[in-house]
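*Asks:* Before I ask anything, let me first share the structure, which is written out below as structure tokens.
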Amino acid sequence: MPSFALPQFLFAGLDFRHGRLFDTRDAGEAQTRLGQVFSPHALRVLDDGARFHAWADHLPFGSLSLNRLAWQAPVAVDPGALLDYYLLCFPLAGHIEYRHGRELRRAGPGDLAVVGGGERFHFTAAVGYEQLVLRIERQAVETAWTALAGTVPRAPICFYNPDSEWTVSALAPALGLLTGALRGEFDGTALRHLDVRLQDLLLTTLLLQHPHSARPTAIQSVRSNPACLRKAKAFLLERLEEPMSLIRLSEGIGVPGRTLQAAFQASDGLGPMQWLRARRLEGVRAALLEKNGAPPRVAATALRFGFTHLGEFTQHYRRAFGETPSQTLGRRT
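In the numbering used here, the protein residues as written are 421 to 753.
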């Protein structure tokens with residue numbers, strides 16, 4: 421599927437109007453309402469004869485938010501510097517010309533602009549410009565990089581914006597999870613795991629796939645370390661039913677994510693999250709075969725162990741054990 425279609429495809433059927441912030445023909449109202457969600461900013465209509473019309477939708481999920489913004493008149497928007505958060509901007513229609521730090525770029529459908537981190541930012545939008553904007557808090561980005569690289573950023577992380585087709589495609593799994601959550605496809609048990617998994621997917625993809633200012637800095641050694649491997653496995657086994665991510669594991673035992681990845685690959689031929697998935701599958705199987713008490717429900721048991729997508733869970737289970745979870749449950753005597 422072409423990258424330009426990814427955002428539209430992934431968010432198809434999502435009721436953005438459920439989170440409608442405003443639909444106005446008053447530029448002052450649009451400026452005020454949008455500033456309440458993002459940052460105070462200057463908004464100027466570039467054509468005095470144009471009929472101003474703008475709308476915005478805001479859908480929060482945990483510390484993230486997905487937003488749809490549209491301007492039906494040419495505008496210049498200047499928020500200054502985005503100090504406390506980053507924006508992942510996916511143009512859907514029309515185009516913008518924007519300056520971010522030293523970069524001066526044009527973006528349209530299929531592009532991704534990642535802005536924030538204290539860099540100077542402003543843009544002009546053509547008539548009919550519409551975009552999806554994902555907001556991520558700066559603290560979450562810096563915490564994730566520290567966990568992944570083992571080094572604290574010496575300055576705010578600045579993302580660069582070259583050709584971004586690969587990043588857009590790489591973000592698709594995380595964006596798909598976010599869409600499912602916003603559609604209400606997960607219950608409370610699943611959401612407890614999904615919040616952690618979703619943010620981890622977004623941040624690791626962004627920090628490891630998209631160019632930024634911290635990547636050239638030294639990263640701690642990634643040589644295999646048996647002691648850290650034992651510590652990591654014990655940490656994971658003690659938390660089989662808890663929300664978990666590579667970032668949370670790294671923070672929990674004080675070992676950089678890159679080091680953990682290398683240690684698990686050298687020892688088991690798997691990443692730490694794939695190793696954890698195998699142990700969780702074993703946990704589900706043991707629970708389904710447990711003879712004491714009433715028979716468990718397959719879906720509830722899978723969710724208990726952090727499997728939020730039941731179709732994928734069933735595939736992984738069959739691949740691991742040669743039978744479906746229901747077949748395992750049927751052998752419980």
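We put the beta carbon where it would ideally sit given N, CA and C, even for glycine. Predicted model only: the values in this text are computed from it and were never measured.
May I ask you to report which of helix, strand or coil DSSP gives Ser-423?
*Replies:* Taking the first residue of the sequence shown as 1, we reach residue 423 at position 3. With a pLDDT of 47 at Ser-423, under the threshold of 50, the modelled position of that residue is not reliable, and no figure is offered here.
*Asks:* Please identify the residue among Ala-546, Val-561, Arg-700, Leu-554 whose C-alpha is closest to the C-alpha of Ala-740.
*Replies:* Your numbering for residue 740 matches position 320 in the sequence shown. Ranking the options by Cα distance to Ala-740, first place goes to Arg-700.
*Asks:* What are the boundary residues of the alpha helix (DSSP H) that Glu-550 is part of?
*Replies:* To locate residue 550, count along the sequence shown from 1; it is residue 130. Taken as a continuous stretch (DSSP letters only), Glu-550 belongs to no alpha helix (DSSP H), being part of the beta strand (DSSP E) at 549–557.
*Asks:* Okay, do the segment 432–445 and the segment 479–495 touch, 3+ Cβ pairs below 8 Å being the bar?
*Replies:* Yes: at least three Cβ pairs fall under 8 Å.
*Asks:* So, Asp-615 versus Gly-726, is the Cβ gap smaller than 8 Å?
*Replies:* Within the sequence shown, numbered from 1, the residue matching residue 615 stands at position 195. Within the sequence shown, numbered from 1, the residue matching residue 726 stands at position 306. No, the Cβ-Cβ distance between Asp-615 and Gly-726 is not below 8 Å.
*Asks:* Let's see if you can read the secondary structure: which residues bound the beta strand (DSSP E) around Val-485?
*Replies:* As a first step, residue 485 is located in the sequence shown; it is residue number 65 there, counting from the start. Position check: residue 485 holds Ser in this sequence, whereas Val was assumed. Element bounds for Ser-485: 484–491.
*Asks:* Are Tyr-518 and Ala-496 closer than 8 Å when you measure CB to CB?
*Replies:* Start at 1 with the first residue of the sequence shown, and residue 518 comes out as number 98. Start at 1 with the first residue of the sequence shown, and residue 496 comes out as number 76. In this structure, Ala-496 does not lie closer than 8 Å to Tyr-518 by Cβ.
*Asks:* Taking the C-alpha atoms as reference points, what is the distance between Thr-566 and Arg-678?
*Replies:* Within the sequence shown, the letter at position 146 stands for residue 566. Within the sequence shown, the letter at position 258 stands for residue 678. The alpha-carbon atoms of Thr-566 and Arg-678 are separated by roughly 11 Å.
*Asks:* Rounded to a whole number of angstroms, what is the C-alpha to C-alpha distance between Ala-476 and Asp-688?
*Replies:* Locating residue 476 in the sequence shown gives position 56, counting from the first residue. Locating residue 688 in the sequence shown gives position 268, counting from the first residue. About 48 Å.
*Asks:* Measure the alpha-carbon distance for Ala-652 versus Cys-509 and round it to whole angstroms.
*Replies:* In the sequence shown, counting from the first residue as 1, residue 652 sits at position 232. In the sequence shown, counting from the first residue as 1, residue 509 sits at position 89. Straight-line Cα distance between these residues: approximately 36 Å.
*Asks:* Quick test of your reading: Thr-587 and His-520, contact by CB under 8 Å. State the CB separation rounded to the nearest angstrom.
*Replies:* Residue 587 sits at position 167 when you count from the first residue of the sequence shown. Residue 520 sits at position 100 when you count from the first residue of the sequence shown. That belief does not hold up - the Cβ atoms of Thr-587 and His-520 are roughly 15 Å apart, past 8 Å.
*Asks:* Grouping DSSP H, G and I as helix and E and B as strand, with all else coil, what is Leu-532?
*Replies:* Here the question's residue 532 lines up with position 112 in the sequence shown. In the structure shown, Leu-532 sits in coil (DSSP, three-state: anything other than H, G, I, E or B).
*Asks:* In terms of residue numbering, what span does the beta strand (DSSP E) encompassing His-542 cover?
*Replies:* By 1-based counting over the sequence shown, the position of residue 542 is 122. It spans 540–545 - the beta strand (DSSP E) in which His-542 sits, taken as one unbroken run.
*Asks:* Our contact map puts Ala-527 next to Asp-498 with C-beta atoms below 8 Å; I'd like the distance itself, whole angstroms only.
*Replies:* Position 107 of the sequence shown, counted from the start, is the residue given in the question as residue 527. Position 78 of the sequence shown, counted from the start, is the residue given in the question as residue 498. Not a contact, Cβ separation roughly 17 Å.
*Asks:* How big is the Cα-Cα spacing for Arg-558 and Glu-523?
*Replies:* Walking along the sequence shown from the start, residue 558 turns up at place 138. Walking along the sequence shown from the start, residue 523 turns up at place 103. Each residue's Cα considered, the two are about 20 Å apart.
*Asks:* Report back the beta-carbon spacing between Gly-536 and Tyr-506 to the nearest angstrom; my notes put them in contact at under 8 Å.
*Replies:* Along the sequence shown, read from residue 1 onward, the residue named residue 536 stands at position 116. Along the sequence shown, read from residue 1 onward, the residue named residue 506 stands at position 86. Right, the Cβ-Cβ distance comes to about 3 Å (below 8 Å), so this counts as a contact.
*Asks:* Could you check how far apart the C-beta atoms of Val-465 and Ala-493 are, in whole angstroms? I think they sit under 8 Å.
*Replies:* Here residue 465 refers to the residue found at position 45 when the sequence shown is read from its first residue. Here residue 493 refers to the residue found at position 73 when the sequence shown is read from its first residue. Yes, they are in contact, since the Cβ atoms of Val-465 and Ala-493 sit about 5 Å apart, within 8 Å.
*Asks:* Comparing alpha-carbon positions, which option in Ala-432, Phe-541, Ala-654 lies nearest Pro-460?
*Replies:* For this step, residue 460 is matched to residue 40 along the sequence shown. The residue with the shortest Cα to Cα distance from Pro-460 is Phe-541.
*Asks:* Span of the alpha helix (DSSP H) holding Ile-667?
*Replies:* Indexing the sequence shown from 1 puts residue 667 at position 247. Ile-667 -> alpha helix (DSSP H) spans 666–673.
*Asks:* Just to confirm the assignment: which complete alpha helix (DSSP H) runs, minimum length 4, are found wholly within the segment 568–611?
*Replies:* DSSP runs (the alpha helix (DSSP H)) wholly in the segment 568–611: 585–590, 592–602.
*Asks:* Excluding the 5 residues preceding and the 5 following Pro-593 in the sequence, name in chain order all residues of the same chain whose CB lies nearer than 7 Å to its CB.
*Replies:* As a position in the sequence shown, residue 593 is number 173, starting the count at 1. Answer for Pro-593: Leu-621, listed in chain order.
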